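Report on one structure; see the data block that follows.
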Amino acid sequence: MTRVAVLGCGYVGCELVRQLQPAHEVVGVRRSESGLRAVEETGATAVKADVTEPETLAAVPDADWVVFAASSGGRDAEAARETYVEGLRTTIDHFCSRETVPDRIVYTSSTGVYGDRDGDWVDEDTPIGPETERGQVLAEAETIARQRPIDDTDGTVARFAGLYGPDRYRLDRYLEGPVTEGHLNMVHRDDAAGAVRFLLAGGHARREVVNVVDDEPVEKWAFADWLAAQCGEPEPAKRTVSDRLDDPELSDAARNWIGADKRVSNEKLRALGYEFAYPTYRDGYRAAIEAYRE
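The UniProt record's numbering numbers the first residue of the sequence shown as 1 and each following residue consecutively.
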């Protein structure tokens, strides 16, 4: 039976281990006691380790597949570098120096590495252009994931769009407004995990990058109006990007994030054969809308 180690078994990671079982032996790695309890609730084996503390990785058993989904949380770019660059490098070197090396390593990145494209479409062949320190860190980690594993191990980068799903629908943000213009690129948590499972189980995208995003990027204003109609609420207030950028208290990172407009294609993932559980936001938000209206 294939053994899978999921390092950073959080929002997507816990769903991934649920989907991998019982066909695979799964180990979920967290650094906190509460995180370990969350892993145990999935039925997977929970192991305490921290990718920023190399000596702790010895507690993680050998694995055929390693998924690096660790998070630095909401901390600054320096913390992000410690986790995504140094932690990923340490993880790859650790597992690839063992007597039994993994066949695959998947690193979960972000479509934020594309930066601003003025609302144009981007795909895996589009040159990336991160405009924030955090985005630059993620881009550097992508290079490590694809190039650092030794010959017997193939690295894959899964670029997640904006995650949503249980406990992360954020209805109030859109129903109350104001909503800033631009496009939303989204993927339901279950499909983010499902796509990684699919790439691993099918042996797809070795040493490649794959965008993990649903079928339909949507304008934020249109999405907010649709959501309001579905929930029986009035349309929320709107504001332009220039209006939003007039706020003198915005950080440089926030300004770059607000102005980064693009539409991300999932054509490659679709062509590989992945079938979405929630192809668009209309499917993915149905449960949240029904709960809101009750």
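We put the CB at the ideal spot given by N, CA and C, even for glycine.
Nothing here was measured: the structure is a model prediction, and the numbers come from that model.
Below 8 angstroms on the Cβ atoms is my guess for residue i versus residue j; work out the distance and round it to an integer in Å.
| i | j | result |
| --- | --- | --- |
| residue 300 | residue 211 | Residue 300 lies beyond the stretch modelled for the chain, which goes from 1 to 294, so this question has no answer here. |
| residue 293 | residue 231 | 6 angstroms |
| residue 139 | residue 113 | 5 angstroms |
| residue 83 | residue 39 | Actually they do not touch by this definition, with Cβ atoms about 18 angstroms apart. |
| residue 156 | residue 187 | That pair is no contact at about 16 angstroms. |
| residue 56 | residue 49 | 4 angstroms |
| residue 44 | residue 19 | In fact, because the Cβ distance is near 11 angstroms, the residues do not count as touching under 8 angstroms. |
| residue 173 | residue 137 | Contact flag wrong, Cβ pair sits at about 26 angstroms. |
Cα separation between residue i and residue j?
| i | j | result |
| --- | --- | --- |
| residue 190 | residue 100 | 31 angstroms |
| residue 127 | residue 205 | 18 angstroms |
| residue 265 | residue 46 | 35 angstroms |
| residue 228 | residue 91 | 44 angstroms |
| residue 26 | residue 104 | 14 angstroms |
| residue 239 | residue 181 | 6 angstroms |
| residue 30 | residue 87 | 13 angstroms |
| residue 178 | residue 241 | 11 angstroms |
| residue 284 | residue 223 | 13 angstroms |
| residue 146 | residue 209 | 8 angstroms |
| residue 273 | residue 198 | 9 angstroms |
| residue 160 | residue 234 | 31 angstroms |
| residue 176 | residue 111 | 26 angstroms |
| residue 291 | residue 85 | 40 angstroms |
| residue 195 | residue 245 | 35 angstroms |
| residue 288 | residue 37 | 26 angstroms |
| residue 93 | residue 4 | 17 angstroms |
| residue 183 | residue 1 | 42 angstroms |
| residue 117 | residue 256 | 12 angstroms |
| residue 243 | residue 218 | 20 angstroms |
Determine whether the Cβ of residue i lies closer than 8 angstroms to any Cβ atom of chain C.
| i | result |
| --- | --- |
| residue 41 | Here chain C cannot be found, since the structure has a single protein chain. |
Taking residue i as the reference, which of the options has the closest Cα?
| i | options | result |
| --- | --- | --- |
| residue 213 | 238, 277 and 103 | 277 |
| residue 7 | 248, 1, 234 and 54 | 54 |
| residue 119 | 290, 185 and 83 | 185 |
| residue 220 | 195, 258 and 166 | 258 |
| residue 115 | 260, 109 and 24 | 260 |
| residue 202 | 275, 172, 9 and 287 | 275 |
| residue 158 | 183, 123 and 256 | 123 |
| residue 98 | 17, 287, 62 and 249 | 62 |
| residue 134 | 94, 281, 237 and 254 | 254 |
| residue 96 | 148, 17 and 132 | 148 |
| residue 34 | 281, 19, 117 and 9 | 9 |
| residue 121 | 216, 172 and 136 | 216 |
Any heavy atom of the ligand SAM closer than 7 angstroms to the CB of residue i?
| i | result |
| --- | --- |
| residue 124 | Only the bare structure without any ligand can be found here, which leaves the ligand SAM out of the picture. |
Please classify residue i as buried or exposed, where buried requires at least 16 other C-beta atoms within 10 Å of its C-beta.
| i | result |
| --- | --- |
| residue 59 | exposed |
| residue 142 | buried |
| residue 32 | exposed |
| residue 153 | buried |
| residue 150 | exposed |
| residue 102 | buried |
| residue 192 | buried |
| residue 65 | buried |
| residue 165 | buried |
| residue 109 | buried |
| residue 168 | exposed |
| residue 237 | exposed |
| residue 131 | buried |
So does the region 9 to 28 actually touch the region 63 to 73, counting three or more Cβ pairs closer than 8 angstroms? yes
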